[in-house]
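Using this note's numbering, read the sequence shown as starting at 4 and increasing by one per residue.
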Amino acid sequence: MIEDPEYIKLEGLITDDQDMSLRKSLLSGRTSRRISDNSTNENSLQQSIDETVERNPCKRISLHQACRDGLATVVERLIRVNPSVCNEYDKDGMAPLHHAARGNFVQIMKLLLKAGADIDIPATKNCMYVTPLICASKFDSFDACRVLIQNGAQITKKTCNGQSPLHYAARKGHTRVLEVLLNEGEADVDHEDNDKATPLHTAAQAGQIEVIRKLVFYGADVARRDNDGYTPLHLAAREGHVDSFKEILKKAKSGGLSTKTLLNSPDCYGNVCLHLAIKHGHREIVELCLGSGADISTAQDDFSTPIHLACSHGDLEITKLLVQQGAKIESEDGNGLTPLLRASLGGHVPIIEFLLAQGARLYPVADSCTPSPLMCAVKRSQHNAVRYFLERGFSLKYKDLNWRTCLHVAVACADIETVDLILENGGHSLLESKDQYGKTAIHYAAATCNVDIINRLILVGADVRAKDNEEKIALHFAAEAGALCAVRSLLSACPESVNDIDYGSRTPLHFAAAEGRDKVATHLLQNSAEVDYRDDERFTPLFHATICGCPATMDTLLYHGADVNALEKNRKPPLVFAAFFKHNKNFRKLVRLGADMTIVSTTGYNCLDAAIRVGNKEVCMEIIQHEKWREVLSNTKCEGVSPMRRLIERFPDVAKLVLDKCIEHSPLLDTDPNYTITYDFSFIFPNSDEEFDLNQERYSGLKTMLDSGREELLFHPLTRELVRMKWRRIGLTVFLMGAIFYLTFLSVFSLYLYCKSDISKKHCNDDWIYPQEIFLLIFCTSNLLLEAFQLYNERWMYFDLTNFLEVSTYVTTIIAVTLPNESMIEKDYRWAVGIIALLMAFFAMLLQLQLLFCSGIYVTMLFEVLKSVFKVIVMFSLLIAAYGLIFYLLLGDELSYTSPYMSVLKVFDMMAGGVEFNHYFVENLELRMPDLARFICFTFILVMSISLMNLLIGLAVGDIESVQKNAELKRLRTQIESLSQFEKKLPSSMKDRLYSPKLVLWPNSGSMSFVRKLTWSLGLVDYAPVRMMEKTKPFHEEDKMKELQEQLKTQQESLNTLRTELRSQRTILENISINMGARSPASNRTNLMDDF
């Protein structure tokens, strides 16, 4: 036997008589009882039989089961063994006291309460948190209610929906329990639940008339409303409880309330008692409402009166009753419909007959917008009502506001039975009737793709070539909707209509192509449709198919000979539209079939311009890889410049491909003397009088790369070769002359300071010094004026290190030359300013050299490293200041540490290796606290000399590659900016002379002179053919790896896009399958998509 604390053996604990009664009780086929209507389902029937037949239930029983079955002796024994089980829940979420209260087992309840059971213990959420008192109230356990109340049970405890014991007693009609709760428990007779419904609402809804009497006697409010605005009278009317309705009216009247006001007060939805009774078909309640003063013309929020509701719901008896009471049969609701029209919409023929017999108006008033009853019946496909009206000879000439006849409406609703009824009763006269837009019934049939109705209309003589206001025939609508069967029927009736055009000269094939209806297009072409017919926009069907993006439709048109190079009115071919709308597969298909991608429209666009404008990178790649890429890229009619500028700005990968194709290697071996490398600069270096944009700014590929931050393009061999060529032709001469002038200034200034240091030296008299001062003043003043002009032109772009050093040099030089020289202090200031000026002059000269020679990159690298060192020193300046102060305090007697300033300078010296440990920390006999000083020195060596210096070295070595790249980029940027500014100042004739669209190099010619070889080996110039050949060799290993990574990234993006499209298509197919009533494939679907 299984041991469980909830169960206990019964052997030896009960007598034979008790055992017999227990067996009878357990084997009596009882069913497991539930406390709440929302509790979980019991075990299956088979499990119940197994428990009672295959097992001996007398051997094991729980306290909950004993309480359910009223076994007081067993309960007493079980409590004695384990009193804590009194407040435990069973599998249904009930405590033992719940079961005892439901069964009205007072003795068991007293045992449980004595053992410490919680009298207000709530059930679990599964059972709505009911308390034992709620259980007793619900199941009419009168004695249990009294015991619980007498023992202090709270009458205000609620379930999860806010209902109290009084609500349950009222719903079930337990009047005795109700009186106990109200008298002994002093319950609030108007206690509200979560919906603000009182017990009186509950009793009225359940039709408990005795409970209603009791509640009203105890003071319940008859006019109280819940959240929906219902009073108890509303609920009684809705549920059709006649006696309860009468009783509430009686009590309200006796209580001094106006029954008329109560009856005519609406709920939150505008319904009065009469409305609710009519909606639910309670005729007796309707009679009571009318007899008690209900307003027969009271309208809902939508202005529907009681007679409108009765006609809509088809209740003839109530309709007759309302008419007898004076209801107006011509009244209109919020939609302007009369009771007759409401009955017609519902197809209630008996009510229609009754209303017509009572004089209801059958035909709408002339020049009114009111629909006819026949139109209403046709709209809802009410065949009996339609037949009734037609048999009575109802005129078919009436139309709605949009001039639609009943035949239009029947065809639009796709109801062939109604169409047949109309045609059999004189509807042939409506075949050619047109609506406000000129559409006949066959237009409607084609638009709704109903083949049966189309065939029926054709059979009775409908004109398939009738045109609407847009000159469309039915075939246009059928082709646009893709209704192949409808197209076949229409063409069979009139084959000549295959090329009929609308007001825009579009044939049915145009509409089929525009919507991607490939099967319809195939059928039209097989029936002699013109494949290249042009509409008013000069569009052929191929244009529409290209814009739509349907490859199957394009295949159909191309198979039947569509012109791939047809031009619309702006001379755009289909290829431009394929590129613009990102239909890449169709673009490739058109190119493969011979589409000319060099065609330029009247607005200056070609296919490449269209692809760039919409961001279609894939098409741009396709165009550049085509054999006619040069012609396409040479188009400058769009915005006045080549598409290359927009490629650089938006698609650097495509621009890089263009640059690669602009470098051509001869087919010879790279060691052959005749081996050549040809550079084509035409797409990044146009002629001086070409390619001006809309702002009249000349296009420069180098400047565009610089402004767009395209580093990979700036380092491309073609770009660098163009920079080298322009630098040799323009920049080298100009900047060399500038460097010579500056070197002259530096020499004169150095000589001036040399002479000023000692006037007694040779050639240092006033005759030499005075001309030097004049030269320095003129040179510095003129250069400051040039710098001011440069500042005016460049504004914020002017501020950089080079300009700062130059301006500072010129200013300090002027100060050093013009400062008075009378007193010793003035001489010292003048000398100090001169030294500083000379230092900055040499630094400025160094910055100029970085542009003049190719080895100037090392100057740039020097300043990049200085930036990193300065950042590190700033970060660790706290430690430098700390050690400077500490050494000043410890070694203040030494000459190097006489002040904090000198101490900090010595710290920098010690960081560079000048520790001098023996002199300061060993041989110094006057050292105070030598052990502490040596420990401080040890920490300094460890932190500053070793760790920090190694950090600086590590940064310099580890970051050297990025430093070199940044330095090279900065030097290249400076060269391009300088060349760009200088070119703007050159005259056009000079620009034409310097222009060279191509450059051919012979790397193996060996014709370079000794001077050039020497200057190249020293790093002064950069034109060595060997280096050029190495730079232009296609893709070393790093470039190949980078290219492979970019290709993999592109492939991954394509796969992600494809996966998203497949998921979307799968969702659409599943929705279609579900809507068609088929079984969803989700149950049999594998994880193939997720794996993909």
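Each residue gets a CB set at the ideal place from its N, CA and C atoms; glycine is no exception.
(Q) Is the separation between the beta-carbon of residue 661 and that of residue 650 shorter than 8 Å? (A) yes
Q.
Among 298, 230, 272 and 452, whose alpha-carbon lies nearest the alpha-carbon of residue 263?
A. For the residues 298, 230, 272 and 452, the minimum Cα distance to residue 263 belongs to 298.
Q: Would you kindly work out how many angstroms separate the C-alpha atoms of residue 757 and residue 849, rounded to a whole number?
A: Roughly 21 Å between the two C-alpha positions.
Q. What do you get for residue 101, buried or exposed, if any count of 16 or more other CB atoms within 10 angstroms of its CB means buried?
A. buried
Q. Between the Cα of residue 893 and the Cα atoms of 906, 469 and 307, which residue gives the shortest distance?
A. 906
Q) Nearest CA to the CA of residue 687: which residue from 664, 312 and 552? A) 664
Q) Would the segment 972 to 982 and the segment 886 to 903 be scored as touching if the rule is three or more Cβ pairs under 8 Å? A) no
Q: Under 7 Å Cβ to Cβ from residue 415, same chain only, skipping five residues before and after it: list those, please.
A: 447 and 451
(Q) Counting C-beta neighbours from all protein chains within 10 Å, is the total for residue 257 16 or more, i.e. buried, or is it exposed? (A) exposed
Q: Measure the CB-CB distance between residue 238 and residue 218 and report whether it falls below 8 Å.
A: The answer is no: Cβ separation not under 8 Å.
Q. In three-state terms, what does DSSP make of residue 1004?
A. Residue state, collapsed to three classes: strand.
Q. Would you report the Cα separation of residue 28 and residue 73, rounded to the nearest angstrom?
A. Legend: pLDDT at residue 28 = 40, less than 50; position of this residue unreliable, value from coordinates given subsequently. Residue 28 and residue 73: Cα-Cα distance of roughly 10 Å.
Q. Can residue 775 and residue 746 be called in contact, C-beta distance under 8 Å?
A. no
Q | Counted within 10 angstroms of its Cβ, other Cβ atoms place residue 945 as buried (16 or more) or exposed | A | With fewer than 16 other Cβ atoms within 10 Å, it is exposed.
Q. With respect to 7 Å, is the separation between the Cβ of residue 516 and the closest non-hydrogen atom of the ligand ADP below this value?
A. The ligand ADP is not part of the structure shown, which contains no ligands of any sort.
Q: Determine, using beta carbons only, whether residue 551 and residue 518 come nearer to each other than 8 Å.
A: yes
Q: Pull up the CB-CB distance for residue 613 and residue 583, whole angstroms please, since I reckon it's below 8 Å.
A: Correct: roughly 4 Å between the Cβ atoms.
Q) Where does residue 22 fall in DSSP's three states? A) Legend: pLDDT at residue 22 = 43, less than 50; position of this residue unreliable, no value from coordinates given.
Q.
Using a 10 Å radius around the Cβ and a threshold of 16 neighbouring Cβ atoms, would you call residue 720 buried or exposed?
A. buried
Q: Rank 887, 314, 738 and 135 by C-alpha distance to the C-alpha of residue 121 and give the top, closest one.
A: 135
Q. In whole angstroms, what separates the C-alpha of residue 429 from that of residue 312?
A. 33 Å
Q | Separation of residue 454 from residue 592, as counted between CA atoms | A | So the two alpha carbons sit approximately 35 Å from each other.
Q. From 976, 609, 587 and 832, pick the residue whose C-alpha is nearest to that of residue 570; which is it?
A. 609
Q.
By the three-class DSSP mapping on this structure, what secondary structure does residue 701 have?
A. strand
Q: Just the C-alpha distance for residue 475 and residue 544, rounded to the nearest angstrom, thanks.
A: 17 Å
Q. Where does residue 681 fall in DSSP's three states?
A. strand
Q) Span of the beta strand (DSSP E) holding residue 668? A) 666 to 668
(Q) Considering Cα atoms alone, identify which of 770, 934, 580 and 368 is closest to residue 622. (A) 580
**Q.** C-beta atoms of residue 141 and residue 171 nearer than 8 Å
**A.** yes
Q) Looking at C-alpha atoms only, which residue of 177, 648, 162 and 1001 is the closest neighbour of residue 194? A) 162
Q: Output the residue ranges of the alpha helix (DSSP H) runs that lie fully inside the segment 911 to 964 and measure 4 residues or longer, sorted by chain position.
A: 933 to 943 and 952 to 961
Q) In chain order, which alpha helix (DSSP H) runs of at least 4 residues are fully inside the segment 734 to 814? A) 735 to 760 and 769 to 797
Q. Are the beta-carbon atoms belonging to residue 289 and residue 324 less than 8 Å from one another?
A. Their beta carbons are under 8 Å apart, which means residue 289 touches residue 324 by this criterion.
Q) Exposed or buried, residue 638, counting other C-beta atoms within 10 Å across all chains shown (16 or more means buried)? A) Looking at its Cβ environment, which holds 16 or more other Cβ atoms inside 10 Å, residue 638 is buried.
Q.
Taking the beta carbon of residue 932 as the centre, do at least 16 other beta carbons fall within 10 Å, making it buried, or is it exposed?
A. exposed
**Q.** Which of helix, strand or coil DSSP assigns to residue 641
**A.** Residue state, collapsed to three classes: coil.
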